[in-house]
Amino acid sequence: MNPARFSQEIRIGTRGSRLALAQAGEICARLRAKFPKKKFKLVVIQTAGDEFQSVEIFKKGGVGIFTKAIEKKLLEGAIDIAVHSLKDLPTTLPRGLVLGAFPKRQDPRDVLVSRRRLGLEELPKGSTVGTGSPRRKTQVLLARPDLFVADLRGNLDTRARRVLVEKKFDGIVVARAGLLRLKKYLKFARPISPEKVLPAPGQGALGIELRARDTQTARWVRVLNHRRTEKEVLAERSFLKTLGGGCRVPAGVYSQVRGNKIRLKAAVFSTRRAECVFSEASGPLNRFVEVGRELAKDLIKKGARRLMREARSDER
Numbered sequence: 001m002n003p004a005r006f007s008q009e010i011r012i013g014t015r016g017s018r019l020a021l022a023q024a025g026e027i028c029a030r031l032r033a034k035f036p037k038k039k040f041k042l043v044v045i046q047t048a049g050d051e052f053q054s055v056e057i058f059k060k061g062g063v064g065i066f067t068k069a070i071e072k073k074l075l076e077g078a079i080d081i082a083v084h085s086l087k088d089l090p091t092t093l094p095r096g097l098v099l100g101a102f103p104k105r106q107d108p109r110d111v112l113v114s115r116r117r118l119g120l121e122e123l124p125k126g127s128t129v130g131t132g133s134p135r136r137k138t139q140v141l142l143a144r145p146d147l148f149v150a151d152l153r154g155n156l157d158t159r160a161r162r163v164l165v166e167k168k169f170d171g172i173v174v175a176r177a178g179l180l181r182l183k184k185y186l187k188f189a190r191p192i193s194p195e196k197v198l199p200a201p202g203q204g205a206l207g208i209e210l211r212a213r214d215t216q217t218a219r220w221v222r223v224l225n226h227r228r229t230e231k232e233v234l235a236e237r238s239f240l241k242t243l244g245g246g247c248r249v250p251a252g253v254y255s256q257v258r259g260n261k262i263r264l265k266a267a268v269f270s271t272r273r274a275e276c277v278f279s280e281a282s283g284p285l286n287r288f289v290e291v292g293r294e295l296a297k298d299l300i301k302k303g304a305r306r307l308m309r310e311a312r313s314d315e316r
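Numbers 1 to 316, taken from this note's numbering, label the letters of the sequence shown in order.
Structure (structure tokens):
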């Protein structure tokens with residue numbers, strides 16, 4: 001049975017954070033514009049990552065702390081599609097679920113948010129930078145070993161308040177896509193080149209998840225698919241899946257499509273010191289999955305698994 005076909009409305013599952021609601025709201029509005037005779041409704045679902053915001057839950061919660069509860073509702077038929085930030089979505093989906101569309105990606109770069117809108121290279125020596133991401137922490141220290149990087153969790157407003165109002169940090173590193181979707185804090189943000197800080201796999205992109213057998217809903221959501229984004233993010237997810245360890249791996253990757261070719265740069269970072277292994281790969285666009293896979297294999301040959309073992313050990 002196809003639940004969506006007999007439902008009067010398509011129920012869109014999402015987390016309840018302001019950013020998640022903005023993302024899901026964007027997808028809802030686009031679907032309404034495409035299918036004005038169909039009803040669409042947002043359904044807010046609380047996840048483990050929303051309920052517990054401590055550093056410990058991110059270390060011990062494992063893969064999928066922002067997605068499992070939503071996927072459970074999807075499998076139960078309580079919702080018809082789910083909207084995810086792809087960087088939070090594990091590379092292996094539960095049986096019976098698929099990714100049906102990848103809307104056009106926002107800017108994948110990270111930014112530095114500071115009171116004077118300084119660039120990373122302009123921060124005074126000894127400045128304190130906040131981030132909860134091992135990937136960002138190591139790259140900031142590789143670029144600026146004279147800075148101090150401290151753990152920082154919470155939603156975007158919480159993190160921004162710590163630097164802009166409470167002045168407990170000189171800067172924080174966050175994804176530019178989140179600022180663009182919320183239309184907030186952009187006047188305090190300076191983009192960081194991917195040459196200095198590689199984004200997380202899938203950063204800036206959304207994925208629309210649905211039941212594999214729900215063919216009617218699949219046809220509806222497919223109209224939102226952006227082919228270039230699809231190839232970029234699937235190459236990045238192929239890279240991450242081959243690397244192993246899920247979306248908590250301290251890895252960064254940046255993909256670029258030029259004509260009929262795709263090029264990826266990636267690194268795996270130490271969680272203990274300013275160290276990484278780096279590689280890049282390119283190939284025909286129609287082999288985007290293989291390019292991502294070969295890139296991961298090259299990093300493994302260069303010692304990425306050792307750094308990943310350290311990261312897993314540090315999470316225990």
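Note that beta-carbon positions come from the ideal geometry of N, C-alpha and C, so glycine has one too.
What are the residues that DSSP puts in a beta bridge with residue i?
i           : result
residue 235 : Paired residues: none, contrary to the question.
residue 186 : Partner(s): none; residue 186 has no beta bridge.
residue 134 : In the DSSP output, where bridge partners are listed per residue, residue 134 has none listed.
residue 112 : 173 and 190
residue 129 : 149 and 171
residue 209 : 82 and 99
Rounded to whole angstroms, what is the Cα-Cα separation between residue i and residue j?
i           : j           : result
residue 148 : residue 181 : 29 Å
residue 294 : residue 255 : 14 Å
residue 77  : residue 97  : 12 Å
residue 273 : residue 138 : 7 Å
residue 94  : residue 188 : 39 Å
residue 86  : residue 105 : 10 Å
residue 196 : residue 9   : 45 Å
Sorted by chain position, which residues of the same chain lie with C-beta nearer than 6 Å to residue i's C-beta, five sequence neighbours on each side aside?
i           : result
residue 276 : 267 and 269
residue 303 : 277
residue 241 : 91
residue 223 : 34
residue 228 : 257
So, at 8 Å on beta carbons, what are the nonlocal neighbours of residue i in its own chain, with the 5 sequence-adjacent residues on each side left out?
i           : result
residue 307 : 250, 268, 269, 270, 271, 275, 276 and 277
residue 235 : 255, 262, 264, 288, 289, 291 and 292
residue 71  : 64, 82, 93, 94, 97 and 209
With a CB to CB cut of under 7 Å and the five nearest residues on each side skipped, what residues in its chain are close to residue i?
i           : result
residue 24  : 12, 14, 42 and 83
residue 237 : 91, 201 and 202
residue 134 : 250, 269, 271 and 311
residue 185 : 113, 160 and 179
Span of the beta strand (DSSP E) holding residue i?
i           : result
residue 152 : That residue, residue 152, is in no beta strand (DSSP E); it is neither H nor E in DSSP.
residue 256 : 251-258
residue 296 : Per DSSP, residue 296 belongs to no beta strand (DSSP E); it is in the alpha helix (DSSP H), 288-301.
residue 313 : Note, residue 313: premise wrong, no beta strand (DSSP E); alpha helix (DSSP H) at 304-315.
Looking at the secondary structure, which residues open and close the alpha helix (DSSP H) in which residue i lies?
i           : result
residue 274 : Here residue 274 belongs to no alpha helix (DSSP H), and DSSP marks it neither H nor E.
residue 70  : 68-76
Taking only runs that begin and end inside the stretch 6-46, name each unbroken alpha helix (DSSP H) of 4 or more residues, in chain order. Whole alpha helix (DSSP H) segments, 4+ residues: 18-34.
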